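Read through the structure below, which is laid out as structure tokens, and then see the notes.
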Amino acid sequence: IFLCGTDNNPHYSSSPHHWDQRMILLAFLVTFVACNPPPLPLDDIVIEKTFTPDRCDRMVKSGDFVRYHYIGMFPDGKKFDSSYDRSTTYNVFVGRKQLIAGMDKALVGMCVNERWMIKIPPQLAYGKDGYGDNIPPDSILHFDVLMLDIWNTEDKVQIKTYHKPESCGRTVQVSDYIRYHYNGTLLDGTLFDSSHTRMRTYDTYVGIGWLIAGMDQGLLGMCVGEKRIITLPPFLGYGENGDGSDIPAQASLVFDVVLLDLHNPKDEITVEAQSLPDHCPRKSVVGDFMRYHYNGSLLDGTFFDSSYSRNRTYDTYIGKGYVIAGMDQGLLGVCVGERRRIVIPPHLAYGEEGTGTKIPGSAVLVFDVHIIDFHNPSDTVEITSVKPENCSNNTKRGDFVKYHYNATLMDGTYIGSTHTFGKTYDVVLGAGQVVIGMEQGLIGMCVGEKRKLVIPPHLAYGERGVDGEVPGSAVLVFDVELVDLEEGLPEGYMFVWNSDVTPNLFSEMDKNKDAQVDATEFSDYILQQVKEGKGRLAPGFDPQRIIENMYDNQDRNKDGRITEDEFKLKADEAAAHDEL
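In terms of our numbering, the sequence shown is residues 4 to 583.
Here is the structure:
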């Protein structure tokens with residue numbers, strides 16, 4: 004225990020009583036703070052590690068350049084200097100005699116973010132001369148040092164990949180244009196910038212000087228979806244001046260990068276066939292109208308649109324500029340039922356502006372498409388026929404036919420079938436009872452013949468389709484079999500005589516001999532002639548309605564009865580239509 008000035012302390016005397024008290028006090032005294040104790044002499048630097056980070060990727064070596072903060076103090080705690088007061092780090096090479104010898108020696112082995120208390124004896128500091136008015140001769144100096152940055156003039160760009168996608172079909176090359184997200188920090192972890200906070204990727208060319216030199220190098224060879232940490236020495240970053248705001252001078256930079264997109268201005272679309280049908284009788288050409296489903300995503304897999312979510316195909320002409328240029332190209336040469344992936348560079352998609360919502364500017368687009376059907380406005384009904392051995396009586400307009408069918412879309416989607424109900428579909432050809440394409444496809448068939456009819460939408464249900472059954476602009480496929488055929492009447496007739504007409508036609512109809520024929524007499528007579536085989540009504544229509552129409556045609560003055568003067572045969576009035 005060193006006591007200072009006890010002989011002159013007025014609180015103590017030399018009497019034995021007081022001496023005893025002093026001895027008792029000293030017996031219990033463990034320590035006593037001396038006033039102005041002389042500093043203990045140091046032979047070498049002393050280092051007290053006040054904080055050590057969990058990780059230490061690099062330690063200071065002689066010849067390294069370092070950036071650090073410090074507080075300079077005397078042993079009694081009095082501050083003589085501080086980098087914090089100047090709001091700037093101390094930047095210097097280690098081991099090149101740019102520092103006092105003790106500091107040159109002490110900094111070796113420090114890690115970034117490590118904090119040391121360094122005690123330096125005078126002979127390794129400013130010695131007997133001191134330093135101006137701030138540091139007296141023979142001063143022991145204490146420095147509280149926080150290491151922030153370490154680099155070397157021999158350093159190169161350091162790359163650490165911590166995630167790489169399983170598939171990497173292409174890597175970044177010089178002159179490629181890329182889109183990426185990044186967090187930018189100093190070596191001590193201080194964030195200076197982030198694309199994530201702006202919610203917008205950084206978009207740039209690589210390797211042609213649009214970026215700082217270290218990033219131009221560090222981004223090369225990346226795959227879309229890859230994540231890497233790129234560490235740059237300042238001479239490959241912002242150098243001696245920093246960026247003037249958030250990046251200090253001589254700062255190493257660390258970029259945590261994820262690559263989202265990659266293309267080259269010379270790129271064309273790429274097409275990858277994912278599934279091909281076994282049979283492909285026709286491939287799409289310019290001018291075809293196509294129905295297809297698609298999922299649309301960005302190159303990193305970010306979804307932006309899907310026809311499936313709307314439960315409706317995308318319907319368009321191809322090769323005519325109705326869709327983006329890359330899709331116009333990518334849909335040519337496909338088969339119905341084919342699935343393909345179309346990758347479209349931005350200059351063939353939505354360009355630098357994007358769509359303003361889901362598709363960012365300069366984005367590569369990926370479309371997974373499934374071709375449902377296509378046709379051309381010039382298409383006619385496509386007929387494939389299998390005829391029976393005996394096929395002499397063929398259908399024509401006006402004939403009444405009965406047939407079975409199975410109907411599907413081009414992709415095989417079921418629409419309907421007569422077999423479901425166990426009865427045929429019965430129509431009069433040429434009467435507008437079926438779609439035009441079906442009428443054309445049924446002409447010229449014989450009983451027992453089977454046909455496959457492919458009917459384009461302009462000869463079927465057109466752009467509107469049938470709600471809930473047939474989509475708009477859909478090509479239809481019918482497998483038909485003709486079961487029965489009843490020959491029709493000549494075109495324009497609903498009733499014909501099978502033999503010569505009796506000259507007493509009016510009197511035979513006028514059963515009650517009142518010189519007029521009412522509707523009942525007329526109907527009974529016509530039905531009787533049909534029953535006896537003397538006349539024929541047009542097959543496939545309601546007989547009563549045909550007779551009513553015939554009666555109305557004969558009732559010239561529309562008074563509800565026919566007189567003999569009104570009663571004429573077609574031969575007598577060739578210019579007018581007259582069934583009788």
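Don't be surprised by glycine CBs; every beta carbon is placed ideally from N, CA and C.
Because the structure is a prediction, the values reported are computed rather than measured.
Extent of the continuous alpha helix (DSSP H) to which residue i belongs
i	result
T200	S198 to R201
L445	I439 to L445
L508	L508 to M512
K108	A104 to A109
D219	A216 to G221
Residue i and residue j closer than 8 Å at C-beta
i	j	result
G322	V289	yes
Q220	V160	yes
E117	F54	yes
G217	L194	no
V175	L265	yes
H373	Y295	yes
P380	F292	yes
G98	G66	yes
S255	D414	no
G75	F68	no
D179	V209	yes
P348	V367	yes
D147	M120	yes
G471	T398	no
V483	P459	no
D376	N298	no
G324	D331	yes
Exposed unless 16 or more other CB atoms sit within 10 angstroms - verdict on residue i
i	result
I27	For I27, the predicted model reports a pLDDT of 41, less than 50, meaning its position is unreliable and no value from the coordinates is stated.
P13	Only weak support exists for where P13 lies, its pLDDT of 31 falling under 50; the value from the coordinates is given anyway. Flag for P13 reads exposed.
L262	buried
W22	Note on W22: pLDDT 38, under 50, position unreliable in the model; no value is reported.
S142	buried
N94	buried
L279	exposed
I565	buried
T204	buried
Q531	exposed
S140	Per the sequence shown, the amino acid found at residue 140 is Pro instead of Ser. Exposed, because fewer than 16 other Cβ atoms sit within 10 Å of the Cβ of P140.
K108	buried
R392	A small correction: the amino acid at residue 392 is Glu; Arg does not occupy that position in the sequence shown. Result: exposed.
Under the three-state DSSP convention, the category residue i falls into
i	result
K323	coil
A410	strand
I250	coil
T91	coil
F525	helix
N396	coil
M553	helix
Q277	strand
K302	Rather than Lys, the amino acid found at residue 302 in this sequence is Leu. Note: L302 maps to coil in three-state DSSP.
D376	strand
H422	helix
F570	coil
Q519	coil
Q126	helix
D10	Low local confidence applies: a pLDDT of 38 at D10 is under 50, so the model's placement there is unreliable, with the coordinate-based value given in what follows. Looking at D10 - three-state DSSP - the assignment turns out to be coil, as it is neither helix nor strand.
H282	coil
R342	strand
N137	coil
N244	helix
Q547	helix
Boundaries (first-last residue) of the beta strand (DSSP E) holding residue i
i	result
K453	K453 to I458
E606	Residue 606 is absent from the model: the chain starts at 4 and stops at 583.
N501	Taken as a continuous stretch (DSSP letters only), N501 belongs to no beta strand (DSSP E), as it is neither H nor E.
D331	That residue, D331, is in no beta strand (DSSP E); its alpha helix (DSSP H) goes A328 to G333.
V431	Y428 to V431
Q176	Neither: Q176 is in no beta strand (DSSP E) and is coded neither H nor E.
M150	L144 to W154
S85	K82 to S85
D259	L256 to H266
V289	Element bounds for V289: n/a, residue is neither H nor E.
Neighbour flag for residue i against chain D, beta carbons, 8 Å
i	result
E490	Of the protein chains in this structure there is only one, and it is not chain D.
Nearest-angstrom beta carbon gap, residue j and residue i [assumed within contact, 8 Å]
i	j	result
T411	V480	5 Å
H72	L149	5 Å
R231	T164	4 Å
V520	L456	Not confirmed; about 46 Å, so no contact.
K537	N501	6 Å
T316	P546	Their Cβ separation, rounded to whole angstroms, is 45 Å, which puts T316 and P546 out of contact at 8 Å.
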